[in-house]
DNA sequence: AGCGACCACATACCGGGTATACATATCCCC
DNA sequence: GGGGATATGTATACCCGGTATGTGGTCGCT
């Protein structure tokens with residue numbers, strides 16, 4: 001949903017055509033998330049379908065110009081005033097991977113963690129190198145710089161989390177070994193135990 | 001791609017049927033990311049199409065059992081040994097939102113930041129409340145606990161980043177005001193300046 | 001004239017994700 | 001014991017995000 005609202009926000013500033021929207025989006029985010037032109041056009045047609053934008057008029061050079069509607073302006077306003085929901089965070093590939101690595105036997109979790117930390121720290125190096133280039137004071141430069149900072153903060157948190165995981169796994173190693181033998185001789189009993197222990201039903205889960 | 005590999009990893013442990021795969025996945029992640037059953041079946045059919053898993057046999061109760069293939073085992077192994085790429089990070093809605101809020105005139109950035117911080121800190125409260133419930137020592141409990149920690153670390157980093165943004169915006173306020181007048185009287189010149197300054201071409205961007 | 005780049009728009013296609021249909025089985029309760 | 005709510009289990013339709021590709025036009029270069 002972020003691309004849809006971002007395009008709307010750009011259209012609120014000024015009517016634009018598709019190609020221009022992509023350029024403006026990438027300028028502001030420093031091409032951190034390159035935006036495929038095709039997605040711009042499909043998104044625009046959906047915006048038009050939903051009555052949030054309206055395209056058709058041509059400018060002096062024959063471009064198909066899209067302009068925001070009143071409903072679209074409302075949508076942008078609520079987007080900016082409503083915080084992004086943290087109740088259903090997007091799937092985190094790394095967290096899923098580690099959760100599986102811990103629970104599936106025969107996976108060398110320590111190595112997984114170490115390799116990931118190396119990769120993330122390498123990414124951090126790239127970010128700090130890029131930061132040296134983003135020293136302008138223009139609004140777009142500032143925005144890009146903030147986006148970069150967000151990547152840095154996220155990567156640093158990831159490294160800290162990996163360290164934390166290592167520590168917890170080391171600490172729990174002894175207990176886990178005990179638990180281990182209980183797990184291996186009866187997988188189905190474990191499963192039943194899980195189902196019984198969570199009062200939650202299938203319908204509860206599908207309903208939300 | 002994370003769901004696909006997660007299901008494969010579960011199948012490596014033991015042949016399973018669709019419904020069971022969902023239960024196992026949610027047990028390990030503590031229903032942090034509820035998994036729609038439909039996605040399990042579509043993913044399984046894609047896995048079968050790609051030769052990574054193979055289903056058809058029925059168990060004693062008539063369930064459609066899927067089992068991993070050798071190619072699937074290879075896929076899981078490479079998944080666990082290859083770190084998740086940070087070169088093209090997934091789109092961060094909040095970062096995009098702030099980048100737009102900063103560059104589009106007429107948006108109260110300070111309020112956006114404050115409201116987001118409140119929401120994120122509320123989420124943090126929920127996480128710590130949940131953490132008190134996850135005190136078991138079983139493998140699945142440990143995995144869920146680690147997933148929760150990852151959410152906590154990410155949320156904390158987000159709050160820190162928001163503080164950081166506030167500070168930078170305050171510091172740059174004076175310069176921005178100067179820049180402001182230059183921006184408002186010639187948007188197209190800014191655009192041209194951007195295009196000229198980045199040596200990168202459209203083809204470069206689409207090619208990668 | 002021909003080649004290659006860039007600009008601009010449009011569409012096909014795929015995978016992730018949700019909602020829903022449909023069929024059994026179980027359980028509770030009047 | 002019949003019936004409604006609930007749970008299990010599989011399958012499919014649909015939408016959206018995202019990528020790749022097709023088509024046509026302009027400009028500059030050799």
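Chains as they are written, first to last, in full-length UniProt numbering: chain A, 1 to 208; chain B, 1 to 208.
For glycine and all other residues, C-beta sits at the position ideal for the given N, C-alpha and C.
Going by alpha carbons, who is nearest to residue 154 (chain B) out of A:102, A:15, A:94, A:42?
A:94
Nearest-angstrom Cβ-Cβ length linking residue 162 (chain A) and residue 117 (chain A), presumed shorter than 8 angstroms
5 angstroms
Is there a Cβ of chain B sitting closer than 9 angstroms to that of residue 63 (chain A), yes or no?
no
CA nearest to the CA of residue 91 (chain B), picked from A:165, A:170, A:15, A:29
A:29
Bounding residues of the alpha helix (DSSP H) (the contiguous stretch that carries residue 93 (chain A))
93-103
Once the 5 residues before and after residue 114 (chain B) are set aside, which same chain residues still bring their CB inside 7 angstroms of it?
none
Are residue 110 (chain B) and residue 169 (chain B) close, meaning C-beta to C-beta below 9 angstroms?
yes
Cα separation between residue 16 (chain B) and residue 7 (chain B)?
10 angstroms
Which runs of the beta strand (DSSP E), 3 residues or longer, sit entirely within the UniProt domain "Transcription regulator PadR N-terminal" (7-77) of chain B?
53-58, 64-68
Is residue 89 (chain B) near the ligand ZN, judged by its Cβ being under 8 angstroms from some heavy atom?
For the ligand ZN, the structure offers nothing, since it holds no ligand at all.
Could you spell out the range, first to last residue, of the alpha helix (DSSP H) harbouring residue 126 (chain A)?
109-133
In this structure, how does DSSP classify residue 160 (chain A) when only helix, strand and coil are distinguished?
helix
As a quick exercise: from B:141, B:20, B:42, B:167, pick the residue whose alpha carbon is nearest that of residue 1 (chain B).
B:42
When you compare the CB positions of residue 68 (chain B) and residue 57 (chain B), do they come within less than 9 angstroms of one another, or not?
no
Taking Cβ-Cβ distances shorter than 7 angstroms, what residues in chain B pair up with residue 149 (chain A)?
161, 164
Distance check for residue 55 (chain B) and residue 79 (chain B), CA to CA, integer angstroms please.
22 angstroms
Just how far apart, CA to CA, sit residue 39 (chain B) and residue 49 (chain B)?
15 angstroms
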